[in-house]
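Sequential numbering of the sequence shown, starting at 6, is according to this note's numbering.
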Amino acid sequence: MRRYGWIAVLAVLLLVGGAAYNEWRKANERAAAEALGDGILAALEQDEAEARVTALQAIDAPDPSADAVVTLLAAGESLGSDPKATAEALVALAERGDVPMVYRQIATLKAAAIGAEGLAAETRRELLDGLALGTGTIRVLAEEQLAYLDIETGNQEAALTRLEALYVDAEASEGLRQRVGQIVLALGGELSGEAASDVARQADGG
6 MRRYGWIAVL AVLLLVGGAA YNEWRKANER AAAEALGDGI LAALEQDEAE
56 ARVTALQAID APDPSADAVV TLLAAGESLG SDPKATAEAL VALAERGDVP
106 MVYRQIATLK AAAIGAEGLA AETRRELLDG LALGTGTIRV LAEEQLAYLD
156 IETGNQEAAL TRLEALYVDA EASEGLRQRV GQIVLALGGE LSGEAASDVA
206 RQADGG
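Following this line, the structure appears as structure tokens:
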């Protein structure tokens, strides 16, 4: 014990110290999350959109993920007053390598969805083409925006082809299919008889 007892004591100290540090870290993370939430709620309670944007931009986010959330919220508030600046801010967020991919994809989709008031059609198509190469919800939403872009630029045939494919896409949600189906019929496209009846019935609220 005299020769090796210090090893046991050191092991105990390391265990106790590690547990204490872990608890301290968790407490700090919890406090930071609570402060972030309080700051966001306070900012969103402002009466004017400009004041909400200013308050959101003043929040000191504790990490890139939190900063991305705050930036997305600020973009939503500033869209009505300055769509071009909003789109540029979203593109800047999408290009940040320290931000998780899901936030970068959302920022890209939102920037492209602003329309001609934000970014040029060519820029939006380039952004959306990148998202459409992926999978899941982001991909089908990108395909939907690409169809709207086709309509905007006068390529109705391409839009119909894309929308009809989206309507039968296994990854498309029911809400997306409903939107797509209505646009297909409005553009003079065709759905199967049963699908067309379903779209018409849902459009009428039944």
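Cβ coordinates follow ideal geometry from the N, Cα and C atoms, glycine included. In this text, all values refer to a predicted model and were calculated from it rather than measured experimentally.
Cβ-based burial, residue i [other Cβ within 10 Å; buried from 16]
| i | result |
| --- | --- |
| Gly123 | buried |
| Thr140 | exposed |
| Glu82 | buried |
| Val107 | exposed |
| Leu46 | exposed |
| Ala90 | exposed |
| Ala177 | buried |
| Val173 | exposed |
| Ala159 | The sequence given here has Gly at residue 159, not Ala. Exposed, because fewer than 16 other Cβ atoms sit within 10 Å of the Cβ of Gly159. |
| Ala80 | buried |
Other residues of its chain near residue i: CB distance less than 8 Å, five sequence neighbours each side excluded
| i | result |
| --- | --- |
| Pro105 | Pro69, Ser70 and Ala73 |
| Leu192 | Ile156, Gln161, Ala164, Leu165 and Leu168 |
| Gly85 | Ala54 |
First through last residue of the alpha helix (DSSP H) which encompasses residue i
| i | result |
| --- | --- |
| Gly135 | Ala126 to Ala137 |
| Leu146 | Gly141 to Glu157 |
| Arg182 | Glu179 to Ala191 |
| Pro88 | Pro88 to Ala99 |
| Gln110 | Met106 to Ala118 |
| Val58 | Ala54 to Gln62 |
Close Cβ partners of residue i (< 6 Å) along its chain, the five nearest in sequence each way excluded
| i | result |
| --- | --- |
| Ile156 | Ala164 |
| Leu1 | Lying outside 6 to 211, the shown extent of the chain, residue 1 is not represented and no answer is given. |
| Ile119 | Pro88 and Ala92 |
| Ile64 | Gly44 and Val75 |
Length of the line joining the Cα atoms of residue i and residue j
| i | j | result |
| --- | --- | --- |
| Ala48 | Leu20 | 42 Å |
| Ala137 | Glu93 | 20 Å |
| Leu135 | Gly23 | Before going further, note that residue 135 is Gly rather than Leu in the sequence given. Spanning the two alpha carbons is a distance of roughly 44 Å. |
| Glu179 | Leu114 | 20 Å |
| Arg57 | Leu196 | 44 Å |
| Glu131 | Gly44 | 35 Å |
| Thr128 | Ala25 | 51 Å |
| Ala121 | Lys31 | 45 Å |
| Arg184 | Ala36 | 42 Å |
| Ile111 | Ala117 | 10 Å |
| Ile143 | Glu55 | 29 Å |
| Asp194 | Glu34 | The residue you asked about is not Asp; residue 194 is Gly in the sequence shown. Taking the straight line joining both Cα atoms gives about 53 Å. |
| Glu100 | Leu151 | 20 Å |
| Leu133 | Gly102 | 18 Å |
Residues near residue i by beta carbon distance below 7 Å, same chain, minus five either side
| i | result |
| --- | --- |
| Glu148 | Ala137, Arg167 and Leu171 |
| Ala66 | Leu41, Asp72 and Val75 |
Presumed contact (8 Å Cβ cut-off) between residue i and residue j, rounded CB distance
| i | j | result |
| --- | --- | --- |
| Gln51 | Ala60 | 6 Å |
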